[in-house]
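Engineer:
Protein chains: 2
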Amino acid sequence: MPMHSKPPTRRKVTLADIAAGCDVSRATVSLVLRGSPLVNKRTRAKVEAELKRQGYVYNRAAANLRRRTSSSIALVINDLGNPFFAEFAAGVDEALGSASYVTLLGNTGESPERQQAVLSSLIEHGPAGIILSPAEGSDDARVIAAVGRHTPLLVFNRSLGEASADDAPWDTLVLDNERGTHLATEHLIALGHKRIAFFGGHRDSSSCRQRRQGYLDAMKAANLAVAPGWLVESAPTRLEAARQAGALFNRDPAPTAAVCYNDAVALGLMLGLTSRGRRPGEDFAIVGFDDIAESSVSVPPLTTIAVDPRDRGRQAAELVLARIGHPDMEATHTTAPVRLVVRDSSCRPASP
Amino acid sequence: MPMHSKPPTRRKVTLADIAAGCDVSRATVSLVLRGSPLVNKRTRAKVEAELKRQGYVYNRAAANLRRRTSSSIALVINDLGNPFFAEFAAGVDEALGSASYVTLLGNTGESPERQQAVLSSLIEHGPAGIILSPAEGSDDARVIAAVGRHTPLLVFNRSLGEASADDAPWDTLVLDNERGTHLATEHLIALGHKRIAFFGGHRDSSSCRQRRQGYLDAMKAANLAVAPGWLVESAPTRLEAARQAGALFNRDPAPTAAVCYNDAVALGLMLGLTSRGRRPGEDFAIVGFDDIAESSVSVPPLTTIAVDPRDRGRQAAELVLARIGHPDMEATHTTAPVRLVVRDSSCRPASP
DNA sequence: GGCCTTGTTTAGATCGTTACAAGTATGCTT
DNA sequence: AAGCATACTTGTAACGATCTAAACAAGGCC
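Chains as they are written, first to last, in my numbering: chain Y, 1 to 352; chain U, 1001 to 1352.
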């Protein structure tokens, strides 16, 4: 067995090294690398052997420079620690990976300042596109200033600044919040509930407004009244929701069911009800929103609206890729579907 | 006010455009960009105005090619959907960002095959270093084959393949699992418990072995016996743990407390106990491991071992950066601290 | 005037790859 | 033997930045 003594290379192996090593030109090696049919079987084999022998690794940056292309896409996330966005990121990365793009990650931690910094740092690496899940309080003008007009931009989940998403000059992907709570409310109505509350969330958050609207629409469509005490605000955390649970029963008639702003709030409400001696899923019905991991293992398991963040990630990736393929198409505005997942927390009303 | 009519550039603005636009050489513009003291105040101002006017964005790829440097670091994660690793990733990105590196993300979904693909794709972008949280069942030889010997590698959390982490030729960062359960066990002992179980996890997982060992050591150090029925295996999920809860009480004497493999298992155990009429935190003490978000809001709040994944991410980033600064240093092997977080689930033993 | 200094600017080569146009064989016609 | 298509192969100039060494200008000194 012959000794394949590699030279003790300190520098990285380049096309030129391979070319020299098997007596062909750099151009030929390049063709081999890209699987061109132009190159002869024999030379291809010879070159491939040499590539392996020297442990060549492709320098995509140099290639991209020459070809004026890019093989990366920037993903800017407002809160990667939040499992919803982490799943979203995983979905994006998965879809980008199978299209042989690479993900340039940036986490802003909900800070518009950091978002500016992250965007202008990422843009210098020349991504083919940008997926942005904006920090709360982003300013669209500043974002555009950082991103420039040449790099395709997809905004996920929230609208940038004041603008409504539907006429933004960039692509958008948002959740169908209204339809979600509409479905949830219809589900409770179908079970026989007539007195249904909307629980949790802050009035000024845009997603909360939309979710509340879906609930109101469904109630109206079923000719059901909404008593003033049935709209309960609360910070979107479990603890705060548990504290507010009592507010549902301050006035008669009390509701027999609640559509919640999200799962965290719904789980908190279950806690609050339990500590007041009520049994969620038996004498009070609850529907959440998001379908976080925990919801399927709570007691009782939570009926909720699933938004499938990983699918949304894949979808976002595909939208950017499509836009990269057709830079001059008009901006698209996509609303992602949501679905009702029925579990045990949504029971029929106790017969009076 | 003069009209600053930008030419309708289709192509990206380059150094040459700026140079032409204000009648200096490309070299001078380059010096301005990098804030060199060599360039005269007046020309600097002139150039900077032109940069703004044309909306120049720096092309870091081209610069890196010429300078033979890199400003990115690859981060390969086994399961980004898991909040622990998502937090870790956020920590990495944060620390890399403030060192003006950019994060190249890759998620492997625990698949060694995908891990190979992801590594060889990322390596082509020439990262200055790689942080790898390996997929279960990774093969160190294949990983090294993909990464090559020139790019600094930091392996987080698990050892690659068979090798023990302590003599690997790459840098490692692992959690102090043993010390964690040691602390947990000591805490229970200090509260007065003598019959303490170790609950959950699989025998063959390396982290479980370490955590169990810490428990055994602490018991031995306190001269406490470990009855055979006190080591209960279970898949590391809430559901499975709830099912196994009964196993603790099959034989006399039954334990009065348990150190759990992780928080998921601990939360499941609490569920299982509750449905058997026992009250965790009142007549049975429980300590978890990980300090996931949920643990602080469970009922009762869970005493646990915090591992601070975001800090671990920052630490990992700093370790790679240090290694990039000193490529020829010997491999370092770091064990990250963990800390005991006391909440309500760890009570004194009921006086007999 | 010649020569050195200091401060500023620049031409030209270079990083590792690809595009382009042009080159060299080889075999097949006629 | 010339002509010509076919099948490869390659030299050279980019891509957009940086580096090096050299050039230039203005002033001071002898």
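Built from N, CA and C at the ideal position, the CB exists for glycine as well.
Please read these numbers as outputs of a predicted model, since none were measured by experiment.
Can you have a look at aspartate 1283/U and say buried or exposed, based on whether 16 or more other CB atoms are within 10 angstroms of its CB?
Structural biologist: Sequence index remark: in the second sequence, residue 1283/U carries index 283 (1-based). Exposed.
Engineer: Taking the alpha carbon of alanine 331/Y as the reference point, which residue from Asp17/Y, Pro169/Y and Gln115/Y has its own alpha carbon closest?
Structural biologist: Residue numbering aside, residue 331/Y sits at position 331 when the first sequence is read from its first letter. The shortest C-alpha separation from alanine 331/Y is found at Pro169/Y.
Engineer: Tell me whether asparagine 157/Y is buried or exposed, calling it buried when 16 or more other Cβ atoms sit within 10 Å of its Cβ.
Structural biologist: Numbered from 1 along the first sequence, position 157 holds the residue referred to as residue 157/Y. Buried is the call here.
Engineer: Closer than 7 Å, Cβ to any Cβ of chain Y: which residues of the region 1123-1150 of chain U, in chain order?
Structural biologist: Ile1123, Glu1124, His1125, Gly1126, Gly1148 and His1150
Engineer: At which residues does the beta strand (DSSP E) containing serine 30/Y begin and terminate?
Structural biologist: Translated into the one-based positions of the first sequence, residue 30/Y becomes position 30. That residue, serine 30/Y, is in no beta strand (DSSP E); its alpha helix (DSSP H) goes 26-33.
Engineer: With a cut-off of 8 Å, does the C-beta of leucine 1080/U fall near any C-beta of chain Y?
Structural biologist: Reading the second sequence from its first residue, position 80 is the one you call residue 1080/U. It does: the Cβ of leucine 1080/U has a partner Cβ on chain Y nearer than 8 Å.
Engineer: For aspartate 1093/U, return the contacting residues in chain Y, with the cut-off set at a CB-CB distance below 8 Å.
Structural biologist: In the second sequence, residue 1093/U corresponds to position 93, counting from 1. Neighbours of aspartate 1093/U on chain Y, chain order: Leu80, Leu105, Gly106 and Asn107.
Engineer: Would you tell me roughly how many angstroms separate the C-alpha atoms of serine 5/Y and serine 1120/U, rounded to the nearest one?
Structural biologist: The sequence position of residue 5/Y within the first sequence is 5, counting from 1. The sequence position of residue 1120/U within the second sequence is 120, counting from 1. Residue confidence is low: serine 5/Y scores 42 on pLDDT, short of 50, so the model does not pin down where it sits. No coordinate-derived value is stated.
Engineer: Does the Cβ of glycine 1148/U lie closer than 7 Å to at least one heavy atom of the ligand MG?
Structural biologist: The model depicted lacks the ligand MG and carries no ligand whatsoever.
Engineer: Establish whether the CB of proline 83/Y and some CB of chain U are separated by less than 8 Å.
Structural biologist: Here residue 83/Y corresponds to residue number 83 of the first sequence, with the count starting at 1. Yes, proline 83/Y lies at the interface with chain U (some Cβ there is under 8 Å from its Cβ).
Engineer: Using DSSP with H/G/I as helix, E/B as strand and the rest coil, what is glycine 1126/U?
Structural biologist: Counting from 1 along the second sequence, the entry for residue 1126/U is found at position 126. In the structure shown, glycine 1126/U sits in coil (DSSP, three-state: anything other than H, G, I, E or B).
Engineer: Taking C-beta to C-beta, are alanine 1317/U and valine 1259/U nearer than 8 Å?
Structural biologist: Position 317 of the second sequence holds residue 1317/U. Position 259 of the second sequence holds residue 1259/U. Taking 8 Å as the Cβ cut-off, alanine 1317/U and valine 1259/U do not qualify as a contacting pair.
Engineer: Could you give the C-beta distance for arginine 1323/U and glycine 1129/U, rounded to a whole number, given that I count them as a contact under 8 Å?
Structural biologist: Counted from its first residue, the second sequence places residue 1323/U at position 323. Counted from its first residue, the second sequence places residue 1129/U at position 129. Arginine 1323/U to glycine 1129/U, Cβ: 7 Å. Contact.
Engineer: If the cut-off is 8 Å on Cβ atoms, which residues from the region 1273-1303 of chain U count as contacting chain Y, listed in chain order?
Structural biologist: Cβ contacts with chain Y come from Glu1294, Val1297 and Val1299.
Engineer: Starting from the C-beta of alanine 1241/U, find all residues in its chain whose C-beta is less than 6 Å away, skip the five residues before and the five after it, and write them out in chain order.
Structural biologist: Numbered from 1 along the second sequence, position 241 holds the residue referred to as residue 1241/U. The residues are Gly1200, Ser1234, Val1265, Gly1268 and Leu1269.
Engineer: According to the neighbour-count rule (16 or more other Cβ atoms, all chains shown, within 10 Å of its Cβ), is serine 1298/U buried or exposed?
Structural biologist: Translated into positions along the second sequence, residue 1298/U becomes position 298. Burial call: buried.
Engineer: Go ahead and pull the three-state DSSP assignment for leucine 1132/U.
Structural biologist: Taking the second sequence and counting its residues from 1, the one referred to as residue 1132/U is at position 132. Strand, per DSSP.
Engineer: Got a sec? Which residues, its chain only, sit under 7 Å from arginine 276/Y by beta carbon, not counting five neighbours each side?
Structural biologist: As a working mapping, residue 276/Y is identified with position 276 in the first sequence. These residues qualify, in order along the chain: Ala245 and Gly246.
Engineer: Would you tell me roughly how many angstroms separate the C-alpha atoms of aspartate 204/Y and arginine 238/Y, rounded to the nearest one?
Structural biologist: Within the first sequence, numbered from 1, the residue matching residue 204/Y stands at position 204. Within the first sequence, numbered from 1, the residue matching residue 238/Y stands at position 238. Between aspartate 204/Y and arginine 238/Y, the C-alpha separation is close to 19 Å.
Engineer: I want to verify the contact list: residues of chain Y whose CB lies under 8 Å from the CB of valine 1118/U, in sequence order.
Structural biologist: Here residue 1118/U refers to the residue found at position 118 when the second sequence is read from its first residue. Neighbours of valine 1118/U on chain Y, chain order: Gly97.
Engineer: Please check the pair leucine 1153/U and valine 1147/U, which I expect to be a contact at CB under 8 Å, by giving their CB distance rounded to whole angstroms.
Structural biologist: Numbered from its first residue, the second sequence carries residue 1153/U at position 153. Numbered from its first residue, the second sequence carries residue 1147/U at position 147. Correct: roughly 6 Å between the Cβ atoms.
Engineer: Put cysteine 22/Y into one of helix, strand or coil per three-state DSSP.
Structural biologist: Locating residue 22/Y in the first sequence gives position 22, counting from the first residue. Look at cysteine 22/Y here: in three-state DSSP terms it is helix.
Engineer: Over the uninterrupted beta strand (DSSP E) stretch that includes alanine 1285/U, give me the two end residues.
Structural biologist: The residue labelled residue 1285/U in the question sits at position 285 within the second sequence. 1285-1287 is the span of the beta strand (DSSP E), which, as asked, contains alanine 1285/U.
Engineer: Less than 8 Å between the C-beta atoms of histidine 202/Y and serine 346/Y, yes or no?
Structural biologist: Translated into positions along the first sequence, residue 202/Y becomes position 202. Translated into positions along the first sequence, residue 346/Y becomes position 346. No, the Cβ-Cβ distance between histidine 202/Y and serine 346/Y is not below 8 Å.
Engineer: Excluding the 5 residues flanking arginine 1348/U on each side, which residues of the same chain have their C-beta closer than 6 Å to its C-beta?
Structural biologist: By 1-based counting over the second sequence, the position of residue 1348/U is 348. Excluding positions up to five away in sequence, the list reads Leu1191 and Gly1192.
Engineer: Alpha carbon to alpha carbon, what distance is there between arginine 68/Y and arginine 312/Y?
Structural biologist: Taking the first sequence and counting its residues from 1, one reaches residue 312/Y at position 312. Taking the first sequence and counting its residues from 1, one reaches residue 68/Y at position 68. Between arginine 312/Y and arginine 68/Y, the C-alpha separation is close to 30 Å.
Engineer: What residue range is occupied by the uninterrupted alpha helix (DSSP H) comprising leucine 92/Y?
Structural biologist: As a position in the first sequence, residue 92/Y is number 92, starting the count at 1. The sequence given here has valine at residue 92/Y, not leucine. From DSSP, the alpha helix (DSSP H) with valine 92/Y extends over 83-98.
Engineer: Quick one: what does DSSP say histidine 326/Y is sitting in, helix, strand or coil?
Structural biologist: Your numbering for residue 326/Y matches position 326 in the first sequence. DSSP places histidine 326/Y in coil when its eight states are reduced to three.
Engineer: Give the DSSP-derived three-state secondary structure of alanine 62/Y in the structure shown.
Structural biologist: Translated into positions along the first sequence, residue 62/Y becomes position 62. It is helical.
Engineer: With burial defined as no fewer than 16 other Cβ atoms inside 10 Å of the residue's Cβ, what is the status of proline 2/Y: buried or exposed?
Structural biologist: Locating residue 2/Y in the first sequence gives position 2, counting from the first residue. Reliability fails at proline 2/Y, whose pLDDT of 40 lies under 50, so the model's placement of it is uncertain and the value that follows must be treated cautiously. By the 10 Å Cβ count, proline 2/Y comes out exposed.
Engineer: Span of the alpha helix (DSSP H) holding glycine 1272/U?
Structural biologist: In the second sequence, the residue the question calls residue 1272/U occupies position 272. Where glycine 1272/U is concerned, the enclosing alpha helix (DSSP H) stretches over 1263-1275.
Engineer: Give me whichever residues DSSP pairs with alanine 257/Y in a beta bridge.
Structural biologist: Here residue 257/Y refers to the residue found at position 257 when the first sequence is read from its first residue. Answer by DSSP bridge pairing, in chain order: Ile196/Y and Ala285/Y.
Engineer: Output, in sequence order along the chain, the residues in the region 20-51 of chain Y whose CB is closer than 9 Å to any CB in chain U.
Structural biologist: none
Engineer: So for alanine 350/Y, helix, strand or coil by DSSP?
Structural biologist: Sequence index remark: in the first sequence, residue 350/Y carries index 350 (1-based). Coil.
Engineer: Who are the near neighbours of threonine 1043/U in its chain, counting only those whose CB is closer than 7 Å to its CB and skipping five residues on each side?
Structural biologist: What you label residue 1043/U is simply residue 43 of the second sequence in a count that begins at 1. Within the same chain, threonine 1043/U has close Cβ partners Val1024 and Thr1028.
Engineer: Please check if any C-beta of chain U sits within less than 8 Å of the C-beta of alanine 90/Y.
Structural biologist: For this step, residue 90/Y is matched to residue 90 along the first sequence. Yes, alanine 90/Y lies at the interface with chain U (some Cβ there is under 8 Å from its Cβ).
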